[in-house]
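Those protein sequence lines, which keep their order, are chains A and B.
The first sequence begins at 490 in this note's numbering and counts up one residue at a time.
The second sequence begins at -10 in this note's numbering and counts up one residue at a time.
Heads up, the thing below is written out as structure tokens.
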Amino acid sequence: GAVVSQHPSWVICKSGTSVKIECRSLDFQATTMFWYRQFPKQSLMLMATSNEGSKATYEQGVEKDKFLINHASLTLSTLTVTSAHPEDSSFYICSSRGSYNSPLHFGNGTRLTVT
Amino acid sequence: AQKVTQAQTEISVVEKEDVTLDCVYETRDTTYYLFWYKQPPSGELVFLIRRNSFDEQNEISGRYSWNFQKSTSSFNFTITASQVVDSAVYFCALLGGATNKLIFGTGTLLAVQP
Chain A
490 GAVVSQHPSW VICKSGTSVK IECRSLDFQA TTMFWYRQFP KQSLMLMATS
540 NEGSKATYEQ GVEKDKFLIN HASLTLSTLT VTSAHPEDSS FYICSSRGSY
590 NSPLHFGNGT RLTVT
Chain B
-10 AQKVTQAQTE ISVVEKEDVT LDCVYETRDT TYYLFWYKQP PSGELVFLIR
40 RNSFDEQNEI SGRYSWNFQK STSSFNFTIT ASQVVDSAVY FCALLGGATN
90 KLIFGTGTLL AVQP
């Protein structure tokens, strides 16, 4: 079946550095990509929605200059956490689908720890 | 606005008990999808079911069953004869047709004791 590969599965970085998270759809064309953030014991909070070739639509309160989303192709979307700080430590999950009626597929998540 | 409410934060049952997880949603969209996902401690999301707004038929899949009632905006999930492996956080989610956003409820932590 369809698979979404998210990489890396975990990353530790120093405060002030940038981290890139990749989300690849392996056997389907991902027209829409959703990026979520999950703090421990909390729900998944939608950060942004991106459509291939277009700028991402960010949710209220999410800094677009801090969380850069690129969806340049139908198989790859990236989330870059710029100038990371300890409060950015979280679990980030991507989700993608083809058309609106297509199933949603989730990556396995990236656990980011900023020291 | 879209909203998903899972009023039960944590539920603890003993193995073989039946348990129902509640989900109430709000949306102005006439077309939408409802989902249930399971999140074990490892963190990945496991898809359980998707139901569109025009299909109110209840569904049964093994020990799992779902009761969708548009009149009460509810999409409840029942696990029959629970097992320890069912222990996880369960999320209900809503994808609105007009908004194109998948919104999650706050989740219910299910602990099944042996």
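Note that CB positions come from ideal geometry on N, CA and C, so glycine has one too.
Given the structure is predicted, the values throughout are model-derived calculations rather than measurements.
The beta strand (DSSP E) with residue i in it runs from where to where?
i: ASN540 (chain A); result: 533 to 540
i: HIS560 (chain A); result: 556 to 562
i: ASN41 (chain B); result: 35 to 41
i: LYS509 (chain A); result: 508 to 514
i: ARG600 (chain A); result: 599 to 603
i: SER50 (chain B); result: 48 to 50
i: LEU99 (chain B); result: 97 to 102
i: THR605 (chain A); result: This structure does not reach residue 605 (chain A), given that chain A is present from 490 up to 604, and the question cannot be answered.
i: GLN549 (chain A); result: Counting along the chain, GLN549 (chain A) falls outside any beta strand (DSSP E), and DSSP gives it neither H nor E.
i: GLN495 (chain A); result: 493 to 496
i: SER1 (chain B); result: -1 to 3
Using alpha carbons as the reference points, say which of the options lies closest to residue i.
i: HIS496 (chain A); options: A:VAL603, A:ASN597, A:GLU576, A:THR604; result: A:ASN597
i: SER498 (chain A); options: A:THR604, A:ALA519, A:THR599; result: A:THR599
i: GLY542 (chain A); options: A:PHE528, A:ALA561, A:MET534, A:GLU548; result: A:ALA561
i: GLN(-9) (chain B); options: B:TYR26, B:GLU4, B:VAL78, B:ALA87; result: B:ALA87
i: GLU15 (chain B); options: B:LYS59, B:THR9, B:GLY96; result: B:LYS59
i: THR61 (chain B); options: B:ASP7, B:ILE0, B:VAL2, B:CYS12; result: B:CYS12
i: THR520 (chain A); options: A:THR569, A:ASN540, A:PRO592; result: A:ASN540
i: PHE528 (chain A); options: A:SER579, A:SER591, A:MET536, A:TYR547; result: A:SER579
i: GLY587 (chain A); options: A:TYR581, A:LEU557, A:LEU565, A:HIS574; result: A:LEU565
i: THR569 (chain A); options: A:LYS509, A:THR538, A:LEU515; result: A:LYS509
To which residues does DSSP link residue i through a beta bridge?
i: VAL13 (chain B); result: B:THR(-6), B:SER63
i: GLY85 (chain B); result: B:TYR21
i: GLN527 (chain A); result: A:LEU533, A:PHE580
i: THR521 (chain A); result: A:ASN540, A:ARG586
i: VAL78 (chain B); result: B:GLN28, B:LEU98
Would residue i pass as an interface residue toward chain B - the criterion being a Cβ-Cβ separation below 8 Å?
i: SER514 (chain A); result: no
i: ILE582 (chain A); result: yes
i: SER572 (chain A); result: no
i: LEU593 (chain A); result: yes
i: LEU568 (chain A); result: no
i: GLY587 (chain A); result: no
i: PHE523 (chain A); result: yes
i: GLY598 (chain A); result: yes
i: LEU557 (chain A); result: no
i: SER532 (chain A); result: yes
i: LEU601 (chain A); result: no
i: LEU563 (chain A); result: no
i: THR538 (chain A); result: yes
Any C-beta of chain A sitting closer than 8 Å to the C-beta of residue i?
i: ARG39 (chain B); result: yes
i: LYS(-8) (chain B); result: no
i: LEU91 (chain B); result: yes
i: GLY96 (chain B); result: yes
i: GLY32 (chain B); result: yes
i: PHE66 (chain B); result: no
i: PHE43 (chain B); result: no
i: PHE80 (chain B); result: yes
Exercise. Should the stretch 39 to 57 of chain B be called in touch with the stretch -8 to 2 of chain B, which here means at least 3 C-beta pairs below 8 Å?
Worked result: no
For this session: Tell me, please, whether the stretch 38 to 47 of chain B touches the stretch 551 to 571 of chain A by the rule of three or more beta-carbon pairs shorter than 8 Å.
Result: no
Exercise. Should the stretch 17 to 31 of chain B be regarded as contacting the stretch 75 to 82 of chain B, the criterion being three or more beta carbon pairs within less than 8 Å?
Worked result: Under the Cβ criterion (8 Å, minimum of three pairs), the stretch 17 to 31 of chain B counts as touching the stretch 75 to 82 of chain B.
Problem set entry | Inter-stretch contact at 8 Å, needing at least 3 Cβ pairs: the stretch 60 to 74 of chain B / the stretch 498 to 517 of chain A | no
Problem set entry | Validate contact between the stretch 2 to 9 of chain B and the stretch 26 to 33 of chain B using beta carbons, cut 8 Å, 3 pairs | no
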